[in-house]
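Here the structure comes first, spelled out in structure tokens, and everything after it is commentary.
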Amino acid sequence: KFSFKKLGAIFCLFLFGVVTFVSGNLAQVNAASSSTVLPVAKGGTGANSASQALTNLGKINSIDTNSTDNQFPSAKSVYTYVNNSVSQKILAIGSGKFNISNDGITWQSPYQMKSTNWHAADWINDKFIVADAASNTITYSYTGLSNTWKNTNCPSTTNSGYRDIAHSSGKIVAAGYNGTMCYSSDGVNWGTDTNLGTTIEGVAYGANNFISVGHGIYQSYDGMSWTKVSTIQTFYSVAYGIGIWIAGGNSFLYYSNDNGQNWIKATTGVSSATYRSAIYGNGKFVSVGTNGTISTSVDGQTWNTYQLGSSVFNDIVYDGNKFIVGDSTGNIRYSNTADLDSWSSPISVLPGSNLFRLVTKQI
């Protein structure tokens, strides 16, 4: 027998089912669009490969498909994260001053830091890490903004400062004067392991090992135990990409295609320049130095060199769209041309300060 009471009961059950279905799907959508920071694999073929990440997440700033492993290809390379709520930032480190930018073109006002000797710097996992060149002080910040920095230190009795920082997926290495190699797993707590007995000018990571350079070339698979592999020259910079290591010194560049075991002098055509920084990005190596020197190579063996005025270029980074160089007068220039044969006019970032390092944070 038909009744409105039964009809009402059936209608209520129908509405309950619809609400349950919609709520479940909304929960899945909210979970998928969360701003939780998720690592994106750099190469690989598994479920967390770059192609799978593109399919699942949709928004990625850059992927290094040339990396031979899922680690960081060089000291200056940047691991990419997905987080739709935070933009890229670029940090400039100078003598007593820092500055921050979202695009490397428009910069905020520089702010003072207590030390005047900040020199080594990197972006690692979730924070900027900067080390002092005249003490064992290391400072870190999650944003790079003024008044957000916290100091820590490497418990070393012999170290008198740091020249460079590099990292793998699980180890951070700060390279210092007197050859002290300080290591950490999080950038906050540090322990000293090896003293190489000579100043280390640069350190990088690639192909599952660290390479440090200075008065010789040293190799480490864990960031703690180091072996000298060469004494051919004194080097000031080192980088890794596409299975090749490069190292720069006074008017020369060397390369290694056997993971740092043997080094060969490259053809540069440069007669007077000290190569202070090197990087691999956008399918090429770029090394910069004194006398406005900018050298590029696709294989690390043969180089093309440009001279951009008489600037002393201390560092170079690649932000996924353009290369940015910093000089000794606190200026930066950028280029997004394929051959890097055209650069912007100087942009004052740290006026009156020697700009030592540029660090990119891509998230």
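Residue numbers (my numbering): 1230 to 1592. The C-beta atom is built at its ideal place from N, Cα and C for all residues, glycine as well.
Next on the checklist: Can you tell me whether V1467 is buried or exposed? The criterion is at least 16 other CB atoms within 10 Å of its CB, across all chains shown.
Outcome noted: buried
Checklist entry - Based on Cα-Cα distance, which residue from S1577, I1446, A1349 lies nearest to D1544? => result A1349
Checklist entry - Opposite Q1341 in the DSSP bridges: which residues? => result K1326
Checklist entry - Using DSSP with H/G/I as helix, E/B as strand and the rest coil, what is Y1563? => result strand
Checklist entry - Using DSSP with H/G/I as helix, E/B as strand and the rest coil, what is Y1535? => result strand
Checklist entry - I think G1477 touches Y1450, with their Cβ atoms under 8 Å apart; what is that distance to the nearest whole Å? => result That pair is no contact at about 23 Å.
Next on the checklist: Please state the DSSP three-state secondary structure of G1549.
Outcome noted: coil
Next on the checklist: Using C-beta distances below 7 Å, list every residue in its chain close to K1305, excluding the 5 sequence neighbours before and after it, in chain order.
Outcome noted: In this prediction, K1305 scores a pLDDT of 40, lower than 50, which makes its location untrustworthy; no coordinate-derived value is stated.
Item to check | Straight-line Cα distance separating C1383 from T1428 | outcome: 16 Å
Next on the checklist: By DSSP's criteria, N1380 is part of a beta bridge. Which residues make up the other side?
Outcome noted: T1368
Next on the checklist: In the DSSP output, which residue or residues are listed as bridge partners for F1464?
Outcome noted: G1478
Next on the checklist: Can you give me the C-alpha to C-alpha distance between V1359 and T1345, rounded to a whole angstrom?
Outcome noted: 12 Å
Next on the checklist: Give me the DSSP bridge partner(s) of A1395.
Outcome noted: V1402
Checklist entry - With C-beta atoms as the reference, is K1596 less than 8 Å away from G1373? => result Residue 1596 lies beyond the stretch modelled for the chain, which goes from 1230 to 1592, so this question has no answer here.
Checklist entry - Leaving out the 5 sequence neighbours to the left and right, which residues in its chain are closer than 7 Å to D1570 when beta-carbon positions are compared? => result Y1535
Checklist entry - Going by C-alpha distance, which of I1367, M1410, A1395 is nearest V1417? => result I1367
Item to check | Pick from N1365, F1327, K1318 that is closest to G1581, judged by C-alpha positions | outcome: F1327
Item to check | Three-state secondary structure assigned by DSSP to G1431 | outcome: strand
Item to check | Residue interval of the beta strand (DSSP E) (run including Q1530) | outcome: Run containing Q1530: none; DSSP gives neither H nor E here.
Item to check | K1513 classed as buried or exposed, judged by whether at least 16 other C-beta atoms fall within 10 angstroms | outcome: buried
Next on the checklist: Within 10 Å of its beta-carbon, does Y1212 have 16 or more other beta-carbons around it, so buried, or fewer, so exposed?
Outcome noted: Nothing can be reported for residue 1212, as the shown portion of the chain is limited to 1230 through 1592.
Checklist entry - With 16 other CB atoms within 10 Å as the buried threshold, where does D1568 fall? => result exposed
Checklist entry - Rounded C-beta distance between S1539 and N1533? I'm assuming under 8 Å. => result No, S1539 and N1533 are not in contact; Cβ-Cβ is about 19 Å, not under 8 Å.
Item to check | Beta-carbon spacing of W1419, T1381 below 8 Å | outcome: yes
Checklist entry - Taking the C-alpha atoms as reference points, what is the distance between N1488 and G1549? => result 25 Å
Checklist entry - Shortest alpha-carbon distance to I1446 belongs to which of Y1412, A1404, Q1530? => result A1404
Next on the checklist: Beta-carbon within less than 6 Å of H1444's beta-carbon, same chain only, minus the 5 sequence neighbours each way: which residues are those?
Outcome noted: T1427, T1463
Checklist entry - For the ligand NAP, is there a heavy atom less than 7 Å away from the beta-carbon of Q1536? => result This structure does not include the ligand NAP; it has no bound ligands of any sort.
Checklist entry - Apart from the five residues just before and just after W1352, which ones in its own chain have a Cβ nearer than 7 Å to its Cβ? => result V1307, V1588, T1589, K1590
Checklist entry - Terminal residues of the continuous beta strand (DSSP E) containing Y1447? => result 1438 to 1449
Checklist entry - According to the neighbour-count rule (16 or more other Cβ atoms, all chains shown, within 10 Å of its Cβ), is D1556 buried or exposed? => result buried
Checklist entry - Run through DSSP, which three-state label would G1498 get? => result coil
Checklist entry - So, is G1498 buried or exposed, given that buried needs 16 or more other C-beta atoms within 10 angstroms? => result exposed
Item to check | Member of G1518, S1485, M1453, S1454 whose CA lies at the smallest distance from the CA of Y1465 | outcome: G1518
Checklist entry - Just curious, the beta strand (DSSP E) that W1455 is in, first and last residue? => result Counting along the chain, W1455 falls outside any beta strand (DSSP E), and DSSP gives it neither H nor E.
Checklist entry - Should S1459 be labelled buried (16 or more other beta-carbon atoms within 10 Å of its own) or exposed? => result buried
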